[in-house]
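One structure is given below, encoded as structure tokens.
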Amino acid sequence: MVESMDMEKQHKRYCIRGKHAAIICATVVVCSLVVGLGVGLTRSDTNTTTTPSTPAPTAGPTNLPPAGRGPCLPSADSNGDWKNFRLPSYVNPVHYDLHLEPDLEQDTYTGTVDIHLEVSKPTRHLWLHIRETFVSAMPRLSVQSGPAARREVAVKGCFEYVSQQYVVVEAAEELPATGPGEVYVLTLDFQGFLNGSVVGFYRVIYIEGEVTKKIAATDHEPTDARKSFPCFDEPNKKATYKISITHDDNYGALSNMPRQGAPEQLPGNKLKTSFEKSVPMSTYLVCFAVHQFGHLERTSAQGIPLRIYAQPSQLKTAEYAADTTKVIFDYFEEYFNMNYSIPKLDKIAIPDFGTGAMENWGLITYRETNLLYDANQSSSYNKQRVASVIAHELVHQWFGNIVTMDWWDDLWLNEGFASFFEYVGVEKAEPSWGMRDIMIISDVLPVMVDDALLSSHPIIVDVSTPAEITSVFDGISYSKGASILRMLEDWMGKDLFRDGCRKYLKDYHFQNAKTANFWASLANVSGLPVADVMDTWTKQMGYPVLDLTVTEANAKLSQKRFLLNPQADPSQPPSPLGYKWTIPVKWHSVKSDKNMLVIFDKSRTELPVMNYSPSVDGLLKVNNDHIGFYRVNHDNLMWNAISEQLLNNHLELDAADRTSYIDDVFALARANVIDYGNALNLTKYLKNETDYIVWERVSSSIAYVRGMLSDKPFYPKFQQLFRDHVKAITTQLGWEDVGTQTERLLRETVLGISCRMGDEASLNEASGIFDQWII
């Protein structure tokens, strides 16, 4: 799933809650740009937090059914295991026959579900999830053995246990465990409402031309399938589904699987559309939609139809998505060495969709802006967002759908993987964009702000309520998960990492898995101690800063936890690993062009930098390409040497390295680890900088300083400094929206800096363009 603002990552801004007190000592010399500016910041609020970079899924208000409707009334009876949050392991669904009949005029729907259950120990009670939908008739229970007819089982009663969102069905007598080939079939009739929220089964009103229309669709992740129909709503309760929908004959219906035959004509201008039996899948992936859309189609290399559904008037804006889908889909089949599991793949652009997109197997749902692209009206960033969201959801067809995390504490196995591989996929579709470098500024560096706060959490985190599950759909699961996979791929090597992913998908095909299973698959193909290294990154929050000490003869590294707030206690909250990390450390020597990768074990206090001589090898860049999820600090002499290197020949360092230096130096200054003079001294070379990822991170890095200085008397000098820095590149690019994708993004970034720094010519030009647009 792509969250509602997840793909706006390039424009993330981290809000400071409460104005920090700032003591600012500044010396600004605007002659040869800047000699230095020292800014010391003290913070009175030791609990400063940031707005999460990935917001929680939408769960708006809904219209509840009137009290007393249906036989399963609410009860406070907690004398059974239904008082527990988790479903019992001894009752498992294997198949659902699900029929729905939406009424888009009344915004209601009815349905019936037959759930085939295997029961491994005797029980008198069966319970499953339900929320806001209600059971409309007494549940029915039967037992079926092979092809023989079902035998009815008496039901004593039912009730809702609202605190855990269950409906509990009590049999008249104890139910024995099922034997081989035997299942219980639990039948539930239910009713629900389509209005009031954008989760579960809901409807959207939209205008096509001058006609008001409706579409009904679903959004079930993480715990909203229970709002659509009664079900065992946990990710490890996988089952097959046979879905049918009765709808008005001027609508069409879609679901995860292809349609089975032609729709059946029913009285009252109704059609019944039935779908083929699905592969085993989790409840949150079940999807259905009733619509009046058109579609366009591509075909994969293996003959899979790839369709995009949208309002007929918008289909022309789906061409880019259709073409991009085919390229990335074919590439992922090859990369994962595993064919897609369903005979078709549909995508549908929904006018009002709570999250950015949802990876429902075979029927991916999107917010319109994340699927449709108009080259004449959309921004360059919109094109990148569309490609990225498409790739993200396609990754899920393997990571998440074929192999699903066993429980939500391992959500990162879904979302971290999709967030990493989306860049791999888009790199294939748009090789000129440099998406692996874009990942640094879109995921890696932004989430390092979140993870340097006491309010962060480990990647793997216990969750035991729906609200807690929803809360982990955040930047840690998505962006930090992606970032450590990027580091892991680099340590292992791309080929071994790919082979480990293939083994994981093969070993757990149509099953559930835990993080330890993934580490084992990677270790199996590589022989590397993957779990020993990576557990230090997934089982504790935060990340380290490495202090590099260089003498005339040698160099060494030490590590400690990095926190943005200098008053924060680095031992809190307690970590079972003591905030020590086992770190794959890469370094590069500028003069001798030497590259090394070593492991800094968590048990060591220092790590000598072997095979490095300062006089022979020159400047040492630790964490080249910012491939590791850590920061690097230097003494003042080394920061000055880095600044001189950038001034003399910044191109001897890759753009990713320059971006890394900029972000590290401003973050370290914000944390009062170093003086802001080091940070601003490092920016002197920017008059020669022309790379998009560097300027984007400059814009983000100075935002905090700008906020702290905005009411101080020397703020105009700070603005003048950066107006001077950005002048050459803005003059070079101009205001006409032309050039490559990267040039257009660069233009947007540097002109934004120029305007925010009060450049009069830029502000006048921007105002003129706005005036022309608004007329």
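Read left to right, the sequence shown gives residues 11 to 785 (this note's numbering). Glycine included, every Cβ here is placed at the ideal spot set by N, Cα and C.
1. So the candidates are Ala651, Asn634, Phe724; which of them puts its Cα closest to the Cα of alanine 689?
2. Closer than 8 Å is the cut-off here; do at least three beta carbon pairs connect the segment 507 to 517 with the segment 403 to 423?
3. In angstroms, rounded to a whole number, what distance separates the CA positions of valine 123 and leucine 151?
4. Can you give the Cα-Cα distance for proline 67 and isoleucine 739, rounded to whole angstroms?
5. State buried or exposed for asparagine 102, treating a residue as buried only when at least 16 other CB atoms are found within 10 Å of its CB.
6. Beta-carbon within less than 7 Å of serine 253's beta-carbon, same chain only, minus the 5 sequence neighbours each way: which residues are those?
7. Taking only the alpha-carbon atoms, compute the straight-line gap between lysine 524 and tryptophan 417 and give it to the nearest angstrom.
8. With cysteine 168 as the anchor, note down where its beta strand (DSSP E) starts and where it stops.
9. Taking 8 Å as the cut-off, is the CB of arginine 377 close to at least one heavy atom of the ligand MN?
10. Quick one: complete alpha helix (DSSP H) runs, 4+ long, within the segment 570 to 637?
11. Report buried or exposed for valine 153, applying the criterion of at least 16 other Cβ atoms within 10 angstroms of its Cβ.
12. CB-CB under 8 Å to lysine 601, same chain, minus the five flanking residues each way: which ones, in chain order?
13. Going by Cα to Cα distance, which pick from Ala226, Gly717, Ile374 is closest to isoleucine 255?
14. What number of angstroms, rounded off, separates the C-alpha of histidine 402 from the C-alpha of valine 12?
15. For the candidate residues Gln174, Thr283, Arg134, whose alpha-carbon lies nearest to that of tyrosine 194?
16. Could you give the distance in angstroms between the alpha-carbon of leucine 423 and the alpha-carbon of alanine 328?
17. Go to histidine 402, then tell me how far its beta strand (DSSP E) extends in each direction, as first and last residue.
18. Put glycine 90 into one of helix, strand or coil per three-state DSSP.
19. Confirm, please, whether the CB-CB distance from histidine 636 to serine 670 is below 9 Å.
20. Counting C-beta neighbours from all protein chains within 10 Å, is the total for serine 777 16 or more, i.e. buried, or is it exposed?
21. Which residue from Pro232, Pro726, Pro322 puts its Cα closest to that of glutamate 787?
22. Which of the three DSSP states is assigned to cysteine 1 in this structure?
23. Taking 9 Å as the cut-off, decide whether the C-beta atoms of histidine 139 and proline 240 are in contact.
24. Taking its Cβ as the centre, do 16 or more other Cβ atoms sit within 10 Å of asparagine 774, making it buried, or is it exposed?
25. Output needed for valine 10: all residues of its chain with C-beta closer than 6 Å, excluding positions within five of it in sequence on either side, in chain order.
26. Taking only runs that begin and end inside the segment 147 to 218, name each unbroken beta strand (DSSP E) of 3 or more residues, in chain order.
27. Cα-Cα, which of Pro580, Leu97, Lys247, Asp199 is closest to aspartate 461?
28. Mind checking leucine 647: buried by the 16 CB within 10 Å criterion, or exposed?
29. Roughly how many whole angstroms lie between the Cα atoms of tyrosine 376 and isoleucine 784?
30. Is the segment 330 to 340 close to the segment 300 to 314, with three or more CB pairs under 8 Å?
31. When the Cα atoms are used, what is the spatial distance from valine 236 to glycine 189?
32. Report the rounded CA-to-CA distance for arginine 53 versus leucine 656, giving the unit in angstroms.
33. For lysine 166, does the count of other Cβ atoms within 10 angstroms reach 16, so buried, or fall short, so exposed?
34. Using beta-carbon positions only, say whether alanine 249 and isoleucine 125 come within less than 9 Å of one another.
35. For asparagine 659, does the three-state DSSP call read helix, strand or coil?
36. Return helix, strand or coil for asparagine 260, following the three-state DSSP convention.
On the basis of the coordinates in this document:
1. Taking only the C-alpha atoms, the option nearest alanine 689 is Ala651.
2. Cβ pair count under 8 Å is three or more, so yes.
3. Taking the straight line joining both Cα atoms gives about 12 Å.
4. Only weak support exists for where proline 67 lies, its pLDDT of 34 falling under 50; the coordinates are left without a value.
5. Buried.
6. Checking the sequence, you will find isoleucine at residue 253 rather than serine. Only Leu108, Ser265, Phe285, Phe298 meet the Cβ criterion.
7. For the pair lysine 524 and tryptophan 417, the Cα-to-Cα distance works out to about 8 Å.
8. Residues 165 to 171.
9. For the structure depicted, the ligand MN is absent and the ligand set is empty, with no information on it obtainable.
10. Whole alpha helix (DSSP H) segments, 4+ residues: 624 to 627.
11. By the neighbour-count rule (16 or more Cβ atoms within 10 Å), valine 153 is buried.
12. Only Val626, Asp627, Gly628, Leu629 meet the Cβ criterion.
13. The shortest C-alpha separation from isoleucine 255 is found at Ala226.
14. Near 7 Å, if we compare the C-alpha coordinates of valine 12 and histidine 402.
15. Selection Gln174, Thr283, Arg134 evaluated against tyrosine 194 yields Arg134 as nearest (Cα-Cα).
16. If you draw a straight line from the Cα of leucine 423 to the Cα of alanine 328, it is about 30 Å long.
17. Careful: histidine 402 lies outside any beta strand (DSSP E), inside the alpha helix (DSSP H) at 390 to 406.
18. DSSP places glycine 90 in coil when its eight states are reduced to three.
19. Taking 9 Å as the Cβ cut-off, serine 670 and histidine 636 qualify as a contacting pair.
20. Under this definition serine 777 is an exposed residue.
21. Residue 787 cannot be examined here, being either before or after the span of the chain that is shown, 11 to 785.
22. Outside the displayed range of the chain (11 to 785) lies residue 1, so it cannot be described from this structure.
23. Yes, Cβ-Cβ distance for histidine 139 and proline 240 is below 9 Å.
24. Label assigned to asparagine 774: exposed.
25. In the structure as shown, the chain begins at 11 and stops at 785. Residue 10 is therefore absent and cannot be evaluated.
26. If we require 3 residues or more, the beta strand (DSSP E) runs fully inside the segment 147 to 218 come out as 150 to 155, 161 to 163, 165 to 171, 176 to 185, 192 to 203, 210 to 218.
27. Of the candidates Pro580, Leu97, Lys247, Asp199, the one whose C-alpha sits nearest the C-alpha of aspartate 461 is Pro580.
28. Exposed, since its Cβ has fewer than 16 Cβ neighbours within 10 Å.
29. Their backbone Cα atoms lie some 29 Å apart in a straight line.
30. Yes: the two stretches touch, three or more of their Cβ pairs being nearer than 8 Å.
31. At residue 236 the sequence reads arginine, which differs from the valine that was named. Between arginine 236 and glycine 189, the C-alpha separation is close to 28 Å.
32. Unreliable placement is indicated for arginine 53, whose pLDDT of 29 sits below 50; the coordinate value is still reported in the next sentence. Rounded to the nearest angstrom, the two C-alpha atoms are 32 Å apart.
33. With fewer than 16 Cβ atoms within 10 Å of its Cβ, lysine 166 is classed as exposed.
34. Isoleucine 125 is positioned such that its CB atom lies closer than 9 Å to that of alanine 249.
35. The three-state secondary structure of asparagine 659, taken from DSSP, is helix.
36. In the three-state reduction of the DSSP assignment, asparagine 260 falls in the coil class, being assigned neither a helical nor a strand state.
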